[in-house]
Amino acid sequence: MALENTPMSDIAPDAGNKLPALRGRISFIDLMQSVGLLAVILLGGGIMSILSPVFATMRNIENVLQSATIIAVVAIGQTFVILVAGIDLSVASVLVLSSVLSVGLVQFQGFSPEIGILVALMAGLAIGLVNGLAVTKLRIPALIATLATMTIGRGLAYIYSGGTNIAPVPAFFVDLQAARILGIPAVIVLTLALALVAQIVLSRTSFGRSVYATGGNPLAARLAGINTERVIIIAFMISGLMSAIAGLLITARFEAGAATAAQGLELAVIAAVVIGGVSLFGGEGNMGSMLLGVLLLGLVQNAVNLLNVPPNWDSVVSGLVIAAAAALDVYRRSYLEAGMRKKVIATKAAKSQRA
Amino acid sequence: MSAVHANAAIELADGERREVLVARGVTKSFPGVLALDNVDFDVRAGEVTALLGENGAGKSTLIKLMAGFYTPDRGEITVDGVPLQADPAAAHRIGVATIHQDAHLVPAMSVAENIMLGRWPGRYGWLSIQKQKRKARAAVARVAPHLNIATPAGRLSSADQQLVEIARAISEDSKILVMDEPTTSLSPPEIERLFRVVDDLKANGLGIVFVSHWLEEVFAIADRVTVLRDGRLIGTKPISELDHDKVIRMMVGRQVHVTKHKPRPVGEVVLRVSNLTREGVLDNVSFDVRAGEIVGMSGLVGAGRSELASCVFGIDPYDEGSVEIAGTRVQQNNPKAAIDAGIGLVPEDRRRQALVGLMSVRSNMTLSLFDKVSRYGFLSNALEDEIAEREMRSLAVKAASSKVRVSTLSGGNQQKVVLGRWLARQPRLLILDEPTKGIDVGAKSEISELILRLAESGMAILLISSELPEILSLSDRVLVMRSGRISAALTREQATSETIMSYATTG
Numbered sequence: 001m002a003l004e005n006t007p008m009s010d011i012a013p014d015a016g017n018k019l020p021a022l023r024g025r026i027s028f029i030d031l032m033q034s035v036g037l038l039a040v041i042l043l044g045g046g047i048m049s050i051l052s053p054v055f056a057t058m059r060n061i062e063n064v065l066q067s068a069t070i071i072a073v074v075a076i077g078q079t080f081v082i083l084v085a086g087i088d089l090s091v092a093s094v095l096v097l098s099s100v101l102s103v104g105l106v107q108f109q110g111f112s113p114e115i116g117i118l119v120a121l122m123a124g125l126a127i128g129l130v131n132g133l134a135v136t137k138l139r140i141p142a143l144i145a146t147l148a149t150m151t152i153g154r155g156l157a158y159i160y161s162g163g164t165n166i167a168p169v170p171a172f173f174v175d176l177q178a179a180r181i182l183g184i185p186a187v188i189v190l191t192l193a194l195a196l197v198a199q200i201v202l203s204r205t206s207f208g209r210s211v212y213a214t215g216g217n218p219l220a221a222r223l224a225g226i227n228t229e230r231v232i233i234i235a236f237m238i239s240g241l242m243s244a245i246a247g248l249l250i251t252a253r254f255e256a257g258a259a260t261a262a263q264g265l266e267l268a269v270i271a272a273v274v275i276g277g278v279s280l281f282g283g284e285g286n287m288g289s290m291l292l293g294v295l296l297l298g299l300v301q302n303a304v305n306l307l308n309v310p311p312n313w314d315s316v317v318s319g320l321v322i323a324a325a326a327a328l329d330v331y332r333r334s335y336l337e338a339g340m341r342k343k344v345i346a347t348k349a350a351k352s353q354r355a
Numbered sequence: 001m002s003a004v005h006a007n008a009a010i011e012l013a014d015g016e017r018r019e020v021l022v023a024r025g026v027t028k029s030f031p032g033v034l035a036l037d038n039v040d041f042d043v044r045a046g047e048v049t050a051l052l053g054e055n056g057a058g059k060s061t062l063i064k065l066m067a068g069f070y071t072p073d074r075g076e077i078t079v080d081g082v083p084l085q086a087d088p089a090a091a092h093r094i095g096v097a098t099i100h101q102d103a104h105l106v107p108a109m110s111v112a113e114n115i116m117l118g119r120w121p122g123r124y125g126w127l128s129i130q131k132q133k134r135k136a137r138a139a140v141a142r143v144a145p146h147l148n149i150a151t152p153a154g155r156l157s158s159a160d161q162q163l164v165e166i167a168r169a170i171s172e173d174s175k176i177l178v179m180d181e182p183t184t185s186l187s188p189p190e191i192e193r194l195f196r197v198v199d200d201l202k203a204n205g206l207g208i209v210f211v212s213h214w215l216e217e218v219f220a221i222a223d224r225v226t227v228l229r230d231g232r233l234i235g236t237k238p239i240s241e242l243d244h245d246k247v248i249r250m251m252v253g254r255q256v257h258v259t260k261h262k263p264r265p266v267g268e269v270v271l272r273v274s275n276l277t278r279e280g281v282l283d284n285v286s287f288d289v290r291a292g293e294i295v296g297m298s299g300l301v302g303a304g305r306s307e308l309a310s311c312v313f314g315i316d317p318y319d320e321g322s323v324e325i326a327g328t329r330v331q332q333n334n335p336k337a338a339i340d341a342g343i344g345l346v347p348e349d350r351r352r353q354a355l356v357g358l359m360s361v362r363s364n365m366t367l368s369l370f371d372k373v374s375r376y377g378f379l380s381n382a383l384e385d386e387i388a389e390r391e392m393r394s395l396a397v398k399a400a401s402s403k404v405r406v407s408t409l410s411g412g413n414q415q416k417v418v419l420g421r422w423l424a425r426q427p428r429l430l431i432l433d434e435p436t437k438g439i440d441v442g443a444k445s446e447i448s449e450l451i452l453r454l455a456e457s458g459m460a461i462l463l464i465s466s467e468l469p470e471i472l473s474l475s476d477r478v479l480v481m482r483s484g485r486i487s488a489a490l491t492r493e494q495a496t497s498e499t500i501m502s503y504a505t506t507g
């Protein structure tokens with residue numbers, strides 16, 4: 001090794017030294033992911049505020065954020081699963097099951113609201129556990145295993161509710177929807193808090209590191225002593241729990257135990273997570289970018305509504321935006337790499353001139 | 001440069017030896033690394049040009065440029081005057097056939113289907129099975145006439161898979177064959193057969209680029225040698241002007257000294273393997289490794305050495321027998337239990353088995369050190385930095401920083417990251433499976449010295465290696481494996497290339 005010839009410090013400047021606060025917490029590529037998405041969101045927002053007088057109102061923005069919370073909470077769980085290179089299709093079914101249980105146990109069986117909520121959350125964890133066991137112990141591909149629990153979960157929700165909405169809801173849900181913290185709707189604060197906790201778990205705990213390792217290279221993770229099966233099972237359980245929490249949010253929003261809600265939500269969630277820069281191959285992504293992906297999808301939905309796009313065209317528009325966002329992401333990455341390459345050549349050239 | 005060319009031209013016959021591929025002033029960089037810096041290189045028809053250099057010297061980049069995977073940032077590569085474009089299919093069309101380091105065959109498809117992969121003969125999307133067989137048979141006949149073209153590629157030995165790759169790479173229009181470390185997974189007789197094929201192709205006027213870390217092979221087959229170091233061209237010389245030491249000096253820029261080790265006092269038994277049996281893989285294997293002892297494990301590829309390491313380290317289950325560390329039985333089929341018991345493993349295929357490419361150097365180093373760098377499940381930045389920076393310094397890991405992705409490092413530096421993980425852990429037994437495979441000469445000797453240092457500090461070392469010099473210079477005892485059994489246990493005095501090879505092949 002001719003190490004003496006090329007001291008480490010000369011190969012490339014260590015960006016980490018300039019941003020001590022960010023060292024080890026966020027990489028340059030991650031930062032660009034967020035910045036790029038943010039730019040698209042701001043640009044789109046700017047165009048929308050010209051096209052529609054309603055868009056930039058406080059009321060509308062709050063509405064966009066509030067409706068994004070449900071997808072966002074589900075997406076937090078889904079991110080864990082996709083990071084371990086899995087996928088969870090059962091999220092929308094868990095959501096509606098949690099929703100009907102949280103109201104039904106009070107309405108039908110006469111339990112206290114606390115018990116209803118607790119059972120709803122336990123149901124989410126249980127389905128997550130079943131998914132995780134099916135994927136790790138039975139070695140059923142995640143797509144198939146969660147397709148099965150998705151169908152079963154929705155079926156159970158229909159059977160329990162009789163296929164209709166259950167109302168009225170306990171006062172807790174009405175209060176939750178109305179509550180504000182520092183003037184911001186409580187559900188938005190709750191969502192951000194969940195995302196923050198999830199990001200801290202991912203970036204600062206050994207479990208989070210194990211999640212990235214298991215998704216990035218399961219064999220190497222196992223040989224390093226990580227119990228990869230347990231990591232995968234816990235990821236699915238987090239997804240189940242998050243979906244159940246989202247079920248409570250939808251109960252609050254619709255003021256009903258909603259068995260028929262959230263049709264196709266799992267695909268919207270997966271789209272948002274992927275737009276948010278979480279690699280479907282596993283091992284790559286973070287909560288911040290992911291939330292921006294959710295926000296972008298929410299904005300598109302809002303734009304479609306505000307601009308009076310004919311109802312049957314709105315899904316076409318949404319699909320096109322998903323494709324455009326994904327393509328943009330790919331181009332931005334390759335542009336970024338090209339930029340870094342030029343910088344290296346320039347550094348080298350300057351060095352050899354000095355020499 | 002030009003003087004060397006003139007010399008060579010005089011020695012060689014005439015117009016036959018024309019330059020087919022010419023690279024001039026080629027520069028290529030990647031984020032953080034200048035991989036090639038203003039390199040001139042050429043390949044002549046009917047000659048084998050060996051491309052040498054330490055890992056990270058730029059060989060792989062040059063190969064990928066020739067194969068059309070990248071475009072140079074500056075400079076140009078032409079084949080018979082036609083500029084090469086960044087398109088592997090176009091590169092193949094104008095005559096560059098490339099055999100990459102790892103096999104790219106579809107295991108479930110037949111030899112014939114693999115050879116015709118992507119250029120299936122036929123019309124309007126319909127396959128002509130007859131034509132496919134005919135063309136495949138013709139291609140196979142050139143390099144591997146012993147193969148049945150109907151056999152699924154997955155059932156072939158790695159040597160035969162390689163020949164199939166060559167058959168696929170070479171078409172009627174091929175002018176150049178680029179072989180990136182083609183002998184890594186081959187046994188000596190297989191290498192000999194490969195070399196006969198190469199000689200044959202050379203005689204037919206193909207220009208051949210040969211990359212290998214084995215200088216014996218280079219001297220056996222090359223006509224000319226081109227050496228790269230740190231992305232720069234060091235020189236191109238005819239093989240007749242070179243010897244072993246000269247080539248190594250060109251590669252490393254200094255003399256590599258061979259480690260001669262002194263016998264060390266050995267301590268208590270650390271690892272005791274008793275009657276380990278795994279159906280069809282291991283047959284009643286028993287041996288000990290003591291503290292401070294280096295036990296070399298030799299044998300041919302497929303003798304069961306890596307499989308033994310897998311059973312000891314808990315990657316694979318076994319049917320009978322036991323593994324004990326300092327008298328305590330280690331739970332089987334559980335790497336975590338093996339690590340907790342004090343075993344470390346540097347696996348053979350570091351990219352697949354040890355490293356998470358998307359993660360930083362630092363995170364890869366601390367991947368099995370969570371207990372040392374975290375409190376109550378929370379990782380400590382400071383502790384992680386401390387360990388990563390300490391090990392990077394002590395191993396002289398060449399990387400822009402500990403925050404860069406480990407996949408951006410060269411093979412030797414990646415291996416040092418894996419070693420660093422275990423140095424920080426200080427296991428009682430360290431199993432090293434081909435620790436210097438695919439690693440340049442300089443890093444090889446660094447790693448050898450490190451192994452000796454670890455043994456001196458009292459660590460028990462099980463060294464699995466296919467390189468006899470490595471086994472002979474480091475081992476206190478040598479175990480030879482053959483067909484899942486230990487066929488010989490040799491003392492340092494008994495172990496010679498001849499005894500080892502004889503037990504490996506006939507024991």
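Chains A and B, in that order, are what the protein sequence lines are.
When we follow UniProt numbering, the leftmost residue of the first sequence carries the number 1, and every step to the right adds one.
When we follow UniProt numbering, the leftmost residue of the second sequence carries the number 1, and every step to the right adds one.
By construction, the Cβ of each residue, glycine as well, lies at the ideal position given by its N, Cα and C atoms.
A quick note: this is a predicted structure, and the numbers were derived from the prediction, not measured.
Count the other C-beta atoms from every protein chain shown that fall within 10 angstroms of the C-beta of residue i, then say buried if there are 16 or more, exposed otherwise.
| i | result |
| --- | --- |
| isoleucine 200(A) | exposed |
| threonine 151(A) | exposed |
| residue 509(B) | Given a span of 1 to 507 for chain B in the structure shown, any question on residue 509(B) remains unanswerable. |
| isoleucine 129(B) | exposed |
| arginine 93(B) | exposed |
| tryptophan 422(B) | buried |
| threonine 57(A) | exposed |
| residue 510(B) | The requested residue 510(B) does not occur in the structure, where chain B is confined to residues 1 to 507. |
| isoleucine 166(B) | buried |
| glycine 86(A) | buried |
| glutamine 331(B) | exposed |
| histidine 257(B) | With a pLDDT of only 43 at histidine 257(B), under 50, the local geometry of the prediction cannot be trusted, and the value read off the model is given with reservation. Exposed, by the Cβ-count rule. |
Apart from the five residues just before and just after residue i, which ones in its own chain have a Cβ nearer than 6 Å to its Cβ?
| i | result |
| --- | --- |
| glycine 58(B) | Ala35, Leu36, Leu228, Gly231 |
| valine 312(B) | Val323 |
| serine 306(B) | Glu348, Asp433 |
| asparagine 284(B) | Asn275, Thr277 |
| glycine 342(B) | Ile325, Pro427, Arg428 |
| glutamine 101(B) | Asp180, Glu181 |
| proline 185(A) | Gln66 |
Which two residues bound the contiguous alpha helix (DSSP H) that contains residue i?
| i | result |
| --- | --- |
| glycine 25(B) | Looking at the DSSP string, glycine 25(B) is not in any alpha helix (DSSP H); the run it does join, the beta strand (DSSP E), is 19-30. |
| valine 187(A) | 186-204 |
Let me know the secondary structure DSSP gives residue i once reduced to three states.
| i | result |
| --- | --- |
| serine 110(B) | strand |
| glutamate 348(B) | coil |
| serine 174(B) | coil |
| residue 511(B) | One cannot answer for residue 511(B) here, as it falls past the ends of chain B, which runs 1 to 507. |
| glycine 240(A) | helix |
Where do the ends of the beta strand (DSSP E) carrying residue i lie?
| i | result |
| --- | --- |
| glutamate 320(B) | 320-325 |
| leucine 34(B) | 33-44 |
Starting from the C-beta of residue i, find all residues in its chain whose C-beta is less than 8 Å away, skip the five residues before and the five after it, and write them out in chain order.
| i | result |
| --- | --- |
| alanine 86(B) | Gly68, Phe69, Tyr70, Thr71 |
| valine 247(B) | Leu52, Leu215, Val218, Val225, Val227 |
Using a C-beta to C-beta distance shorter than 8 Å, which residues of chain C count as neighbours of residue i?
| i | result |
| --- | --- |
| glycine 207(B) | Any reference to chain C falls outside this structure, whose protein chains are A and B. |
Excluding five sequence neighbours on each side, which residues of the same chain lie with their C-beta closer than 7 Å to the C-beta of residue i?
| i | result |
| --- | --- |
| glycine 299(B) | Arg305, Val480, Met481, Arg482, Ala504 |
| isoleucine 226(A) | Ser210, Ala213, Thr214 |
| methionine 501(B) | none |
Exercise. Name, going along the chain, the residues of the region 322-344 of chain B whose beta-carbon falls closer than 7 Å to a beta-carbon of chain A.
Key: Pro335, Lys336, Ile339
Exercise. Mind checking the region 184-207 of chain A against chain B and listing, in chain order, the residues whose C-beta falls within less than 7 Å of any C-beta there?
Key: Arg204, Thr205, Ser206, Phe207
Quiz item: Residues in the region 272-284 of chain A with C-beta within 7 Å of chain B's C-beta atoms, listed in sequence order?
Solution: Gly283, Glu284
Exercise. Select from the region 59-70 of chain B all residues with a C-beta closer than 8 Å to any C-beta belonging to chain A, and list them in chain order.
Key: Of all residues in the region 59-70 of chain B, none has a Cβ within less than 8 Å of some Cβ in chain A.
Practice problem: Give the residues from the region 213-227 of chain A that approach chain B closer than 8 Å (Cβ to any Cβ), ordered along the chain. | Solution: Ala213, Gly216, Asn217, Leu219, Ala220, Ala221, Arg222, Leu223, Ala224, Gly225, Ile226, Asn227
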